[in-house]
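Trainee:
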Amino acid sequence: MRFSFRIALRYLFSKSSLTVVNRINVFAVIVLIVSSSALLIVLSGFEGLKDFGMAFYDKFEPDYKIIPKNGKTLKIDDKLWEKIINVKGVVSSSRVIEEKVFFSFEEKNQAAYIRGVSPSYTKTNSIDSLVVIGDWIDFNSNSVVLGYGLSSNLGVGVYDYSSFLELSAPKEGPLKFREVPFRTIPAFVNGIFQISEDIDKKYAFCSIDFAKELLNYENDEFSFISIKVDSDYSQSEIYSSLKQNINNSFLIQSREEQNPALYKMINTENLAVYLIFTLVILIALFNLIGSLIMMTVDKSSQLNLLYALGGSPKSIQRIFLFLGLLISTIGSLGGVFIGSVLVVIQDLYPFVFVPGTTLAYPVSLITKNVVLVLVTVFVLGGLTSIWATRDVPNSIN
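Positions 629 to 1025 (the working numbering) are the ones given, in order, by the sequence shown.
#1: Can you pull the DSSP bridge partners for residue 738?
#2: In this structure, what does DSSP give as the bridge partners for residue 810?
#3: Mark residue 977 as exposed unless 16 or more other C-beta atoms lie within 10 angstroms of its C-beta, in which case mark it buried.
#4: Less than 6 Å between C-beta atoms, sequence neighbours within five positions excluded: which residues of the same chain meet that for residue 711?
#5: What do you get for residue 764, buried or exposed, if any count of 16 or more other CB atoms within 10 angstroms of its CB means buried?
#6: Where residue 894 and residue 681 are concerned, what is the direct C-alpha to C-alpha distance, given to the nearest angstrom?
#7: Measure the C-alpha to C-alpha separation of residue 919 and residue 958 and round it to an integer number of angstroms.
#8: In terms of residues, what are the limits of the beta strand (DSSP E) holding residue 882?
#9: So if DSSP puts residue 773 in a beta bridge, which residue, or which two residues, is it bridged to?
#10: Would you mind working out which of 838, 753 and 828 sits nearest residue 794, comparing C-alpha positions?
#11: To the nearest angstrom, how far is the alpha carbon of residue 687 from that of residue 736?
#12: On the DSSP letters alone, give me the boundaries of the alpha helix (DSSP H) that residue 854 sits inside.
#13: According to DSSP, simplified to helix, strand and coil, what is residue 692?
#14: Once the 5 residues before and after residue 963 are set aside, which same chain residues still bring their CB inside 6 Å of it?
#15: Straight-line CA distance for residue 828 to residue 777?
#16: Taking Cβ to Cβ, would you say residue 990 is nearer than 8 Å to residue 677?
#17: Just verifying my parser: in three-state terms, what is the DSSP assignment at residue 849?
#18: If distances are taken between C-alpha atoms only, which option among 731, 786, 956 and 800 comes closest to residue 914?
#19: According to DSSP, simplified to helix, strand and coil, what is residue 994?
#20: Where does residue 646 fall in DSSP's three states?
#21: How would you call residue 690, buried or exposed, if buried means at least 16 neighbouring beta carbons within 10 angstroms?
#22: Helix or strand or just coil, what does DSSP make of residue 786?
#23: Just the Cα atoms here: how many angstroms apart are residue 709 and residue 787?
#24: Please go through the same chain and pick out, in chain order, the residues whose beta-carbon is closer than 8 Å to the beta-carbon of residue 743, but skip the five residues on each side of it.
#25: Am I right that residue 702 and residue 850 are in contact with their C-beta atoms under 8 Å? What's the rounded C-beta distance?
#26: Going by C-alpha to C-alpha distance, which of 898, 899, 789 and 988 sits closest to residue 974?
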């Protein structure tokens, strides 16, 4: 095997009697470098976009939620609350009320979710940093912060005192004769936040006291508990710590479990991008097949000599197998190096921007993608080399 590798290494760097063979070899390496660097750049770009988008989503949804196992509310008394906030690994937590209500402004109406929060909520989710117009909630008044899409649909602006925004929620229990089935409370818009089109058009924030009054919740009644955890603690450690302090009537959800459809879509898109550019690498490997076949023809006289000197057909086949692996290795390493340099330059000194904006296209170079590109090119190159050299022993006279 060492003999075959040394001959393959010599063939890789030696000049051929046919100029076209050298050109095909060089072209095979260049194409592999370009395709592998393209795969790394695209994966890094997709990772950057994912991180950029999830940074906004992470400010909206907490690391973990404690939700009721049955029904839509949970009872949290002071004793249980003390246990939760003192759980090992919990940085901050906040009790939240969330319910679907009707928003009315002048002659426009829309159903959306109102999320009642306490002042400590921004320590768990920094949603206040995404307020693009106006300010965060005024906890001393009936103020709300609307999503950009919701405010556009209702046609309401910030600090508009000419006509109050009305929030209505259905009353529970039996109604008296001619009693209005909805509880309605006026409010004014203190600010407008912007995250994504889907969230902006169906969410609004208010103080937890305002939400309790509107929904007629008791003082110890909440929709869920929002929890931010220390990144040094693993998911299993957090689960174990929380389970020790709460009973079986509650469920614990990680951020991925809160919105499985979103994460499934992201993973599917990532897989699709990877498969598409893997196909590009497969097409590029046709040049490797051509290179190995041409090298076999060009070196046929030398192969016969090696066979006459005692070389076995399998050892001679391994020469070209190693040659294909060397070309694949050089192509993958060269592609990863060039791709990494371009990604780092884009991250530090942006030269590609989102069309129509001055926003630099986000990229993120992670070890997982580097290893994935190296393994993909090497494995596919190895399989291609095995297929291309399968008839080499039969060509020896």
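Note that the Cβ used here is the ideal one computed from N, Cα and C, for glycine as well.
Mentor: If we stick to the structure as given:
#1: Within the sequence shown, the letter at position 110 stands for residue 738. Paired residues: 731.
#2: Taking the sequence shown and counting its residues from 1, the one referred to as residue 810 is at position 182. 798, per the DSSP bridge assignment.
#3: Here residue 977 refers to the residue found at position 349 when the sequence shown is read from its first residue. It is exposed - the Cβ of residue 977 has fewer than 16 other Cβ atoms within 10 Å.
#4: Translated into positions along the sequence shown, residue 711 becomes position 83. The answer, listed in chain order, is 873.
#5: Counted from its first residue, the sequence shown places residue 764 at position 136. Looking at its Cβ environment, which holds 16 or more other Cβ atoms inside 10 Å, residue 764 is buried.
#6: As a working note, residue 894 is residue 266 in the sequence shown. As a working note, residue 681 is residue 53 in the sequence shown. C-alpha separation (whole angstroms): 11 Å.
#7: Indexing the sequence shown from 1 puts residue 919 at position 291. Indexing the sequence shown from 1 puts residue 958 at position 330. Using only the alpha carbons, I get a separation of about 14 Å.
#8: For this step, residue 882 is matched to residue 254 along the sequence shown. Residue 882 -> beta strand (DSSP E) spans 878-882.
#9: Your numbering for residue 773 matches position 145 in the sequence shown. In DSSP, residue 773 forms a bridge with 819 and 833.
#10: Your numbering for residue 794 matches position 166 in the sequence shown. Checking every option, the nearest Cα to that of residue 794 belongs to 838.
#11: Residue numbering aside, residue 687 sits at position 59 when the sequence shown is read from its first letter. Residue numbering aside, residue 736 sits at position 108 when the sequence shown is read from its first letter. If I take the Cα positions, the gap works out to 29 Å.
#12: Translated into positions along the sequence shown, residue 854 becomes position 226. Looking at the DSSP string, residue 854 is not in any alpha helix (DSSP H); the run it does join, the beta strand (DSSP E), is 852-857.
#13: Here the question's residue 692 lines up with position 64 in the sequence shown. It is a strand residue.
#14: Here the question's residue 963 lines up with position 335 in the sequence shown. Correct list, in chain order: 661, 664 and 665.
#15: Translated into the one-based positions of the sequence shown, residue 828 becomes position 200. Translated into the one-based positions of the sequence shown, residue 777 becomes position 149. Going from the Cα of residue 828 to the Cα of residue 777 covers about 5 Å.
#16: Walking along the sequence shown from the start, residue 990 turns up at place 362. Walking along the sequence shown from the start, residue 677 turns up at place 49. Cβ atoms of residue 990 and residue 677: closer than 8 Å.
#17: If you number the sequence shown from 1, residue 849 lands on position 221. If DSSP states are grouped into helix, strand and coil, residue 849 belongs with the strands.
#18: On the sequence shown, position 286 is the one that residue 914 refers to. Checked all of 731, 786, 956 and 800; the closest Cα to residue 914 is 956.
#19: Residue 994 sits at position 366 when you count from the first residue of the sequence shown. Looking at residue 994 - three-state DSSP - the assignment turns out to be coil, as it is neither helix nor strand.
#20: Counting from one through the sequence shown, the residue named residue 646 turns up at place 18. Low confidence applies here, because residue 646 scores a pLDDT of 49, under 50, leaving its location unreliable and the question unanswered by this model.
#21: Working through the sequence shown from its first residue, we reach residue 690 at position 62. Flag for residue 690 reads buried.
#22: Walking along the sequence shown from the start, residue 786 turns up at place 158. Here residue 786 sits in coil by DSSP.
#23: One-based indexing of the sequence shown puts residue 709 at position 81. One-based indexing of the sequence shown puts residue 787 at position 159. Computed Cα separation, rounded: 35 Å.
#24: The residue labelled residue 743 in the question sits at position 115 within the sequence shown. For residue 743, where only same-chain residues beyond five positions count, the Cβ hits under 8 Å are 724, 725, 726, 831, 832, 833, 834 and 839.
#25: Residue mapping note: residue 702 aligns to position 74 of the sequence shown, counting from 1. Residue mapping note: residue 850 aligns to position 222 of the sequence shown, counting from 1. Right, the Cβ-Cβ distance comes to about 6 Å (below 8 Å), so this counts as a contact.
#26: Position 346 of the sequence shown holds residue 974. Measuring from the Cα of residue 974, the nearest candidate turns out to be 988.
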